[in-house]
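Student: After the structure tokens below, expect a handful of questions from me.
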Amino acid sequence: MIDDLISRVEQAVDAAERWPDTGWPVRFGQRMEEVANLEAAEQLPRTAVYREEALNYWRQARLLGQDTAAAGRRALQALREGRLHDAANALYLCQYLEQPLSAQAGTWAPVYKEFRQFCSTSNN
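Quick note: to get the working numbering, add 5 to the position in the sequence shown (first position is 1).
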């Protein structure tokens with residue numbers, strides 16, 4: 006069962022690192038124009054009123070993705086070494102950092118929930 010959990014964390018790390026590239030539908034400006042990833046934001050005309058807002062959003066998504074991926078790698082190391090308390094802390098941090106994007110990204114909250122279920126069934 007821990008191998009399944011490790012696999013899920015590996016997938017989440019990979020997904021988080023790609024958040025600004027793969028993106029998701031986000032709308033900006035009064036016209037609610039969709040800008041689905043960082044590349045699309047960078048390609049907006051410099052005169053677009055919402056360009057800076059879109060760039061800032063996707064750059065923040067990139068930073069959050071990098072931070073959660075780093076914490077996810079710490080969780081992986083802890084899981085592989087059987088340090089469940091350290092893994093819990095790292096995965097909690099992942100889902101906490103993801104919260105501003107959780108409705109769109111939805112990467113870490115399910116992994117953290119699965120980890121908690123794993124811990125509760127392992128203790129019984």
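Built from N, CA and C at the ideal position, the CB exists for glycine as well.
Take the Cβ of Leu98 as the centre, count every other Cβ of all protein chains shown within 10 Å, and call the residue buried at 16 or more, exposed below.
Tutor: With 16 or more Cβ atoms within 10 Å of its Cβ, Leu98 is classed as buried.
Student: Within a Cβ cutoff of 7 Å, which residues of the same chain sit near Pro30, ignoring the five residues on either side of it in sequence?
Tutor: Cβ within range, chain order: Glu39, Ala41.
Student: Would Trp63 and Pro105 be called neighbours here (beta carbons separated by less than 8 Å)?
Tutor: Not in contact: Trp63 and Pro105 (Cβ atoms no closer than 8 Å).
Student: Does DSSP put Glu38 in a helix, in a strand, or in coil?
Tutor: Glu38 falls in the strand class under three-state DSSP.
Student: Where Arg121 and His90 are concerned, what is the direct C-alpha to C-alpha distance, given to the nearest angstrom?
Tutor: Going by the C-alpha atoms only, they are around 11 Å apart.
Student: I'd like the list of long-range same chain contacts for Ala95, defined as Cβ closer than 8 Å, with 5 residues on each side in sequence excluded.
Tutor: Contacts found: Ala76, Gly77, Arg79, Ala80, Ala83.
Student: Give the list of continuous alpha helix (DSSP H) stretches no shorter than 4 residues that lie fully inside the stretch 74-126.
Tutor: Taking only runs of at least 4 residues, the alpha helix (DSSP H) segments lying wholly in the stretch 74-126 are 89-103.
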